[in-house]
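Chemist: Below is a structure I'd like to ask you about.
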Amino acid sequence: MTIKITLKSVALSAAVALTIGFGTAQSASAESLQSALIAAYENSNLLEQNRALLRATDEDVAVALSALRPQISATSSFGHSDQATGRVGGNLNASISLGLELLVWDAGRTKLGVEASKETVLAARANLLNVEQQVLFNAVAAYVGVLRDTRVVSLRDNNLRLITQELRAARDRFEVGEVTRTDVAQAEARLAQARGALSEAQGNLAISRELYLANVGRKPGRLNAVPSIPSLPKSVEQARILAERNHPLIRQAQHEIKAGELNAARAKAASRPTIGMTASAGHDRARDNNSSIGFQMTVPIYQGGQLKALERKAMAQVHASRSGLNQTVLQIRQNVADSWSRLAVANAQLQASDRQIRAAQVAFNGVREETRLGARTTLDVLDAEQSLFDARTNRVVFETQVYQAAYQLISSMGLLTVSDLKLPVKQYDPSEYYNAVKHAPVPVTKQGKKLDRILKRYQK
């Protein structure tokens, strides 16, 4: 589903700040967040891995279903035996036979296994959707991380140039006797510090670019400013309601409970009789043609307590799954509240940093003017400039935190998916492979040939 709730003021101001703060000029050739998310979805090895695991789980339905169908096998033998009397020649033996086995009745145990496998498939689909959320969130974090570190490098570079100018001015004033050698040394020390900080920022940017490559599947070029944050709920309680309704981990736990209940019923049915039909036809060199048909009933009487132990084990697993669902709901509710609080804190810090920047700019301009009049020292200018730089750097960091917290909130509600974000990308259809294998087709049938084509496409 798509959120259609009025945007809260905390997110609105954050979105405006982000749109302005994370870039100015946008180029048509620069990459957008949307294109990065699409690339992450298309290039993710983690998604490919879990899609393959889902297809393997789909096959469990076909395996369970096959037990309800006839089991046909052919047997042939050829041999030679010598006579005990030592007579030359001996006997030549050859035979061929065709056998059939068919399950007639097993108290519904096999059908319960089929239904349990179907529930496991649905649980695996929900898990795949949660992995999709992780992939998209990592792409968002990598995108804003590169933007953040790019701007920090730019700020560090500007800071270096400004300190260089202050050092030059201090040296000129030292030459005419307006300041002491101490002022020059302080500027030189601050310049060395700025160069080290620039190197650190450049290193952090290189790390962020590698993280972008790992999460998006390609190196970042020029990145556009981040767009506005998608609509968010009005309150944390509304966010929790959406999370309980949509989060894939809750759906996964629900299907696991259902599968466990079916397996428990299956374990209980294992203590009941099983009826099967057998038939065979063959040809033996000694006896010519032969055939047989019959029914066989198997009644478990005593297996050393194994069947009851398996039944109790299945019931305990159901209880564990139910407790796991309760814990999952609690954890998701906590994650929603945590993300909501982080978003509110980051937004408050962002607004405070704006006020800090304005005040630091006024202070810096005043200190620099007072220095020209001889009322301030070079160190005062450097300190004021550092305060302004710190405020601008903090704003960049808070912008990133706002955006990450907003998308973490969306993810905690289970809505950070290709479908909910309406990304223009060909989505993976988990039902395509399932529909091709759920009836356990054999290769010679039309459905089997269709399955072969699907497999070839996945193996490319």
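Each residue of the sequence shown is one higher than the one before, starting from 147 at the first, in this note's numbering.
We put the beta carbon where it would ideally sit given N, CA and C, even for glycine.
As the structure is a computational prediction, the values presented were derived from the model and not from experiment.
What residue from Y289, E324, N392, S469 has the CA that sits closest to L357's CA?
Modeler: Per the Cα distances, Y289.
Chemist: Between the stretch 292-307 and the stretch 348-364, do at least 3 Cβ pairs fall closer than 8 Å?
Modeler: Flag = yes, the stretch 292-307 and the stretch 348-364 touch.
Chemist: Can you tell me whether A210 is buried or exposed? The criterion is at least 16 other CB atoms within 10 Å of its CB, across all chains shown.
Modeler: Buried, by the Cβ-count rule.
Chemist: Does M443 pass the burial test, meaning 16 or more other C-beta atoms within 10 Å, or should it be called exposed?
Modeler: Exposed, because fewer than 16 other Cβ atoms sit within 10 Å of the Cβ of M443.
Chemist: Counting along the chain, where does the alpha helix (DSSP H) carrying A399 start and finish?
Modeler: Start and end: 394-415.
Chemist: Determine the closest residue to A371 out of S178, L408, A530, with distance taken between C-alpha atoms.
Modeler: Of the listed residues, the one whose Cα sits closest to A371 is S178.
Chemist: Is it the case that the Cβ atoms of L248 and G422 are separated by a distance below 8 Å?
Modeler: Going by C-beta atoms, L248 is nearer than 8 Å to G422.
Chemist: Within 10 angstroms of its Cβ, does P376 collect 16 or more other Cβ (buried), or is it exposed?
Modeler: Under this definition P376 is a buried residue.
Chemist: Using the three-state DSSP reduction, which class does Q217 fall into: helix, strand or coil?
Modeler: Here Q217 sits in strand by DSSP.
Chemist: Span of the alpha helix (DSSP H) holding N435?
Modeler: Where N435 is concerned, there is no enclosing alpha helix (DSSP H), although the beta strand (DSSP E) it sits in stretches over 434-444.
Chemist: Taking all protein chains shown into account, decide if N273 is buried (16 or more other Cβ within 10 angstroms of its Cβ) or exposed.
Modeler: Buried, because 16 or more other Cβ atoms sit within 10 Å of the Cβ of N273.
Chemist: Which whole-angstrom value is the C-beta distance of R514 and V527, which I expect to be below 8 Å?
Modeler: About 6 Å separates the two Cβ atoms, so the contact holds.
Chemist: Does DSSP put N237 in a helix, a strand or coil?
Modeler: Of the three classes helix, strand and coil, the one that applies to N237 here is strand, per DSSP.
Chemist: How about V583 and E205: are their beta carbons less than 8 Å apart?
Modeler: Yes. Within cutoff.
Chemist: Measure from the alpha carbon of P366 to the alpha carbon of each residue in A182, T563, M559, Y579, then state which is nearest.
Modeler: The option with the nearest alpha carbon to P366 is A182.
Chemist: On the three-state DSSP scale, how would you describe L369?
Modeler: Of the three classes helix, strand and coil, the one that applies to L369 here is strand, per DSSP.
Chemist: According to the neighbour-count rule (16 or more other Cβ atoms, all chains shown, within 10 Å of its Cβ), is F283 buried or exposed?
Modeler: Result: buried.
Chemist: Just reading off the alpha helix (DSSP H) that S354 is part of, what are its end residues?
Modeler: It spans 327-362 - the alpha helix (DSSP H) in which S354 sits, taken as one unbroken run.
Chemist: Do the stretch 259-266 and the stretch 404-412 meet, that is, are 3 or more Cβ pairs less than 8 Å apart?
Modeler: Yes: at least three Cβ pairs fall under 8 Å.
Chemist: Where does the unbroken beta strand (DSSP E) through S426 begin, and where does it stop?
Modeler: Its beta strand (DSSP E) spans residues 420-430.
Chemist: Could you tell me which of E402, F441, D430, A530 sits nearest to T420, measuring between CA atoms?
Modeler: Here the closest residue by C-alpha is F441.
Chemist: What does a CB cutoff of less than 6 Å around G167 pick up in its chain, not counting 5 residues either side in sequence?
Modeler: Its pLDDT being 46, under 50, G167 is placed unreliably in this model, and the coordinates cannot settle the point.
Chemist: Nearest to I242 by CA position, among G512, L193, S426, Y604, is which residue?
Modeler: Measuring from the Cα of I242, the nearest candidate turns out to be S426.
Chemist: My output table needs one value for S243: the three-state DSSP class, helix, strand or coil.
Modeler: Reduced to three states, the DSSP call for S243 is strand.
Chemist: Are the Cβ atoms of N392 and G560 separated by less than 8 Å?
Modeler: Yes, Cβ-Cβ distance for N392 and G560 is below 8 Å.
Chemist: Find the nearest neighbour of Q550 within the set P570, T523, V491, judged by alpha-carbon distance.
Modeler: Of the listed residues, the one whose Cα sits closest to Q550 is V491.
Chemist: Helix, strand or coil for H465, going by three-state DSSP, please let me know.
Modeler: If DSSP states are grouped into helix, strand and coil, H465 belongs with the helices.
Chemist: From A315, V207, Y187, pick the residue whose C-alpha is nearest to that of N276; which is it?
Modeler: Selected option, being the one with the closest Cα: Y187.
Chemist: Quick one, are the C-beta atoms of H465 and L268 less than 8 Å apart?
Modeler: Taking 8 Å as the Cβ cut-off, H465 and L268 do not qualify as a contacting pair.
Chemist: V542 and V613 - do their beta-carbons sit closer together than 8 Å?
Modeler: As displayed, the chain neither begins before 147 nor continues past 606, which places residue 613 out of reach and without an answer.
Chemist: Which residue from R368, N540, A405 puts its Cα closest to that of A506?
Modeler: Out of R368, N540, A405, N540 has the C-alpha closest to the C-alpha of A506.
Chemist: Assign A298 to one of three DSSP states: helix, strand, or coil.
Modeler: The sequence given here has Val at residue 298, not Ala. Residue state, collapsed to three classes: helix.
Chemist: Beta-carbon within less than 7 Å of A185's beta-carbon, same chain only, minus the 5 sequence neighbours each way: which residues are those?
Modeler: If we look at A185 and ignore the five residues flanking it on each side, its Cβ neighbours are V362, G363, R364.
Chemist: Would N191 be called buried (16 or more neighbouring beta carbons within 10 Å of its own) or exposed?
Modeler: Exposed: under 16 other Cβ atoms inside 10 Å.
Chemist: For the pair the stretch 492-512 and the stretch 529-538, tell me if three or more CB-CB distances fall below 8 Å.
Modeler: Yes: at least three Cβ pairs fall under 8 Å.
Chemist: May I ask you to report which of helix, strand or coil DSSP gives L471?
Modeler: Helix at L471.
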